[in-house]
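*Asks:* Under the numbering used here, think of the first position of the sequence shown as 1, with each following residue one higher.
Glycine included, C-beta positions come from ideal geometry on N, C-alpha and C.
Here the structure is a predicted model, which is why all the values come from computation and not from measurement.
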Amino acid sequence: MIVDILSDLHLDFYFKPHLTTPENVSSFFEPIFTNNGTRTIGDILIIAGDIGHYNAQNIEVLKILQKKFYNHIICVLGNHDYYLVNGEARYSFENNSYNRVENLRKLINKEKNIYCLDGDIVEIDGIKFGGCDSWYDDSYMKRYFKQFDTNYINLLWKEYINDSRLIYGISHFDTISKIEIKKLENIYQKCDVMITHVNPSFDEEHIDKKYHNNQTNTFFTFDGSKYFQNGTIKYWVFGHTHDPIEYEIDNVKFLCNPLGYPNESGYGENIKMKSFDI
Ligand SMILES: [Fe+2]
Numbered sequence: 001m002i003v004d005i006l007s008d009l010h011l012d013f014y015f016k017p018h019l020t021t022p023e024n025v026s027s028f029f030e031p032i033f034t035n036n037g038t039r040t041i042g043d044i045l046i047i048a049g050d051i052g053h054y055n056a057q058n059i060e061v062l063k064i065l066q067k068k069f070y071n072h073i074i075c076v077l078g079n080h081d082y083y084l085v086n087g088e089a090r091y092s093f094e095n096n097s098y099n100r101v102e103n104l105r106k107l108i109n110k111e112k113n114i115y116c117l118d119g120d121i122v123e124i125d126g127i128k129f130g131g132c133d134s135w136y137d138d139s140y141m142k143r144y145f146k147q148f149d150t151n152y153i154n155l156l157w158k159e160y161i162n163d164s165r166l167i168y169g170i171s172h173f174d175t176i177s178k179i180e181i182k183k184l185e186n187i188y189q190k191c192d193v194m195i196t197h198v199n200p201s202f203d204e205e206h207i208d209k210k211y212h213n214n215q216t217n218t219f220f221t222f223d224g225s226k227y228f229q230n231g232t233i234k235y236w237v238f239g240h241t242h243d244p245i246e247y248e249i250d251n252v253k254f255l256c257n258p259l260g261y262p263n264e265s266g267y268g269e270n271i272k273m274k275s276f277d278i
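1) Give the list of continuous alpha helix (DSSP H) stretches no shorter than 4 residues that lie fully inside the region 138-190.
2) Taking DSSP as the reference, what is the three-state secondary structure of Lys16?
3) Report yes if the C-beta of Asp120 is less than 7 Å from at least one heavy atom of ligand 1; otherwise report no.
4) Whole angstroms is fine: what's the gap from Ser7's alpha carbon to Lys146's?
5) Out of curiosity, what's the CA-to-CA distance linking Asp243 and Asp208?
6) In terms of DSSP beta bridges, what is Ala56 paired with?
7) Run through the DSSP bridge pairs and tell me what Glu269 is partnered with.
8) Compute the Euclidean distance between the alpha carbons of Phe238 and Lys112, then round it to the nearest angstrom.
9) Mark Thr175 as exposed unless 16 or more other C-beta atoms lie within 10 angstroms of its C-beta, in which case mark it buried.
10) Select from Pro258, Tyr98 and Thr221 the residue whose C-alpha is nearest the C-alpha of Ile51.
11) Determine, for Phe238, whether the minimum Cβ-Cβ distance to residues of chain D falls below 8 Å.
12) In chain order, which alpha helix (DSSP H) runs of at least 4 residues are fully inside the region 203-235?
13) In angstroms, rounded to a whole number, what distance separates the CA positions of Cys132 and Gly37?
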């Protein structure tokens, strides 16, 4: 089975709501999925979070992509999928980001052959895919900037990270981490492929060079070592950072392949599809 990998679609940066048509969506993604006609599209597409800011558009696009290109699509949600970006969203979801993600998961899981994992597992042709949104923690700061305490990290978060302004219902950088880590506990010893939005290694070796020695790396990573060292995981797919990354620890392969924002992806033209055979 060939599993294709992508994350950080940020769909609303690519498609205006009234132009989110099957024709537009297909003609944008076809060259990406086929690397401009040079590869055969895989059986399954993993999307490791940050689908887009609007639930209605997200589900519309996922349905189009599954119908046209993939037998199955498996995703988790990213920090941007928690954002309430305007008054309408804040009104509909009662100023609570958890209501938004719950609604999006429901919309996705209602569809046949599209799955949004939330600390559970879907088995396809004998391969078990587990996943959850996941969240960042203070592990990077604790290793590389030991002198700072949790209060400092929270101030840093409030100053530099949009999550603190656009996610409603949390006041601390690691509120969601505490929720998500329990979901990982449930699945890490039962799945072949793990999907999270956040990079499970906070080692600088596994972070793009241009960000080295940067305190905000703590908001892009968490300590997943317990799970990849003691689990059944063969592949771990993640996103969140907008640079492609690949590394290997103890026979577990880690893969990140973000689309990112239009200025980063050249409107999709700079993206090379990643996949693995399992
Ligand atoms: Fe993103």
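*Replies:* Put simply:
1) The region 138-190 is shown to contain whole alpha helix (DSSP H) runs of 4 or more residues at 139-144, 150-160, 163-166 and 175-187, in chain order.
2) Residue state, collapsed to three classes: coil.
3) Incorrect: Asp120 has no Cβ contact closer than 7 Å to ligand 1.
4) Distance between Ser7 and Lys146, taken at the CA atoms: about 31 Å.
5) Each residue's alpha carbon lies about 7 Å from the other.
6) DSSP output for Ala56 lists no bridge partner at all.
7) The partner list for Glu269 (beta bridge, DSSP) is empty, contrary to what the question assumes.
8) Phe238 and Lys112: Cα-Cα distance of roughly 24 Å.
9) Counting every other CB atom within 10 Å of its CB across the protein chains shown gives Thr175 a total below 16, marking it as exposed.
10) The shortest C-alpha to C-alpha distance from Ile51 to any of Pro258, Tyr98 and Thr221 is the one to Pro258.
11) No chain D appears in this structure, which consists of one protein chain only.
12) Whole alpha helix (DSSP H) segments, 4+ residues: 225-230.
13) The straight-line gap from Cα to Cα measures roughly 32 Å.
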